[in-house]
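Quick notes on the structure that follows.
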Amino acid sequence: MGIQQLRRRAAQLGMRAITRTAADGHAAPPLSGDIFRVLICRSSHSLGNTLLITPLLQEIEATWPGAEVDIVTRNAVAEEVFSGYASVRRVIALPRRGLRHPLALARGLRQLGRQEYDLAIDTDPRSQTGRALLLRSHARNKLGFAGGSKSGAISHSVDPSGAPRHNGQYPVHLLRAAAQQPQQAFPPLDLRLSQLEKDAGAQLLSRIAAKSDPARGQRGVVGIFANATGGKLLPRAWWQQFMPPIDAHLRDFRLIEIVPASAVSLLDSRYPCYYSSSVRKLAGVLSQLSLLVCLDGGIMHLARASGTPTAAIFAHTDIEEWGPYGEGAYPFDARHGSPLQAAQQVIEALPPERIASFGETVKRF
0 MGIQQLRRRA AQLGMRAITR TAADGHAAPP LSGDIFRVLI CRSSHSLGNT LLITPLLQEI
60 EATWPGAEVD IVTRNAVAEE VFSGYASVRR VIALPRRGLR HPLALARGLR QLGRQEYDLA
120 IDTDPRSQTG RALLLRSHAR NKLGFAGGSK SGAISHSVDP SGAPRHNGQY PVHLLRAAAQ
180 QPQQAFPPLD LRLSQLEKDA GAQLLSRIAA KSDPARGQRG VVGIFANATG GKLLPRAWWQ
240 QFMPPIDAHL RDFRLIEIVP ASAVSLLDSR YPCYYSSSVR KLAGVLSQLS LLVCLDGGIM
300 HLARASGTPT AAIFAHTDIE EWGPYGEGAY PFDARHGSPL QAAQQVIEAL PPERIASFGE
360 TVKRF
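Written out as structure tokens, the structure is:
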């Protein structure tokens, strides 16, 4: 067992001890009665997983438009992420590594325990930490997926076998199944950027793109993001082979590089660069791109939540489970091919005319 698995196991055991979990959950009648106070338990620290509950927020607003929502999470920027949702009353941010920061964890859990809820939702079918947070809450209805990896008695459990595979869709499925609502089209990822945020992004992008090679065309701006975490990250040598045919294919567009949190260009500063530590400021710029080309990661979901067409290259994870979805989502499987083959996939799927048509819906600058 690796160090990360040991840490995860220790965290799970610690959360079980804190929340005093008991027997397995059991099925219950559909949700009913007045729902005004809702808690979402999303224990992940990643940006992508945080954005993937925006469809659930939209579903809650559609089902109970007068309700308020609290969110408990380990993501440090969640409050900024959800600031566009008027229904979100409070974000309870737990430390990413609770065992290293036990006092901060204890404060967050006390804050969680002070509020009464009509409904609390554990969105993840696999996370024991999410279930522990659900059990810690004071909620009249406690909703989550059933399964062997889940411990603790809850009032409403849903069989995960009938859920869609995508991580942005199964929390919505969970709520619909419990409420016995008909399945229909799933809400998209949506950061709910304001027009002011989009206008600011357009102005920033205009200044950055002005630094492009003047020989490039003016049909729009395409962003490139070359970073990812863990096994999803591809080496510089991969990008050195991938980018020349992409660059040639996009000669009618100005290219910019989105620089990751490390503040280091991964494309050798070949293109004008943009860096921001603010999620919403970055999203404002992304919203004005004609297209973002990226790897599987949080920025892929941020771009989709900003309404940006996204060409996402998958070299490690399952596209059906983690890929971008909805109109404007273009995932590419690069797990078994070369960088040149990946570039050819993008070129064939996204001719310049299609990319230019994306930009026609974007604020011009």
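In terms of numbering that gives the first Met the number 0, the sequence shown opens at residue 0 and continues consecutively.
We put the CB at the ideal spot given by N, CA and C, even for glycine.
Keep in mind the model is a prediction, meaning the values are calculated, not measured.
By alpha-carbon positions, which one of Gln202, Leu290, Ala304 ends up nearest to Val278?
Nearest C-alpha to Val278: Ala304.
Assuming Ile318 contacts Pro308 (C-beta within less than 8 Å), just tell me the rounded distance between them.
Not confirmed; about 17 Å, so no contact.
Using a Cβ-Cβ cutoff of less than 6 Å, which residues in the same chain neighbour Arg95 once the five nearest sequence positions on both sides are dropped?
A distance below 6 Å between beta-carbons, with the five flanking residues on each side excluded, links Arg95 to the following residues of its chain, in chain order: His44, Arg73.
For the 8 Å Cβ check, are there 3 or more pairs between the stretch 202–219 and the stretch 76–87?
Result no; under three Cβ-Cβ pairs closer than 8 Å.
Is it the case that the Cβ atoms of Val71 and Leu93 are separated by a distance below 8 Å?
Contact annotation: Val71 and Leu93 have beta-carbon atoms nearer than 8 Å.
Closest by CA to Arg164, which one among Ala61, Gly322, Gln217, Leu349?
For Arg164, the nearest C-alpha among the options comes from Gly322.
Within 10 angstroms of its Cβ, does Asp123 collect 16 or more other Cβ (buried), or is it exposed?
By the neighbour-count criterion, in which a residue is buried when 16 or more other Cβ atoms sit within 10 angstroms of its Cβ, Asp123 is buried.
Can you round the beta-carbon distance between Ala162 and His172 to whole angstroms, since I take them to be within the 8 Å contact cut?
That pair is a contact at about 5 Å.
Any 3 or more C-beta pairs closer than 8 Å across the stretch 183–201 and the stretch 279–293
With a cut-off of 8 Å, the stretch 279–293 and the stretch 183–201 count as touching, because enough Cβ pairs lie within range.
Which residue from Asp295, Ile257, Arg269 puts its Cα closest to that of Gly369?
Because the chain is modelled from 0 through 364, residue 369 falls outside the range shown and cannot be assessed.
Does the stretch 52–62 touch the stretch 130–146, meaning 3 or more C-beta pairs lie closer than 8 Å?
Taking one beta carbon from each stretch, the stretch 130–146 and the stretch 52–62 have fewer than 3 pairs nearer than 8 Å; the two do not touch.
Could you check the C-alpha separation between Ala22 and Ile298 for me, to the nearest Å?
Reliability fails at Ala22, whose pLDDT of 38 lies under 50, so the model's placement of it is uncertain and the value that follows must be treated cautiously. About 39 Å.
Is Val258 helix, strand or coil by DSSP?
Shown here, Val258 sits in coil according to DSSP, grouped into three states, outside any helix or strand.
Tell me the residue span of the beta strand (DSSP E) that contains Pro330.
In the DSSP assignment, Pro330 falls within the unbroken beta strand (DSSP E) covering 328–332.
Can you give the beta carbon distance from Pro159 to Gly146, rounded, assuming they're within the 8 Å contact cut?
Contact holds; Cβ gap of about 6 Å.
Is there contact between the stretch 244–253 and the stretch 214–230, where contact requires at least three CB pairs shorter than 8 Å?
Verdict: yes, contact present.
How big is the Cα-Cα spacing for Leu118 and Tyr274?
Our two residues, Leu118 and Tyr274, have alpha carbons roughly 39 Å apart in a direct line.
So, are the CB atoms of Lys231 and His335 less than 8 Å apart?
The answer is no: Cβ separation not under 8 Å.
If you run the structure through DSSP and keep just helix, strand and coil, what is Ser356?
Note: Ser356 maps to helix in three-state DSSP.
N- and C-terminal bounds of the beta strand (DSSP E) containing Asp198:
Counting along the chain, no beta strand (DSSP E) covers Asp198; the unbroken alpha helix (DSSP H) around it starts and ends at 194–208.
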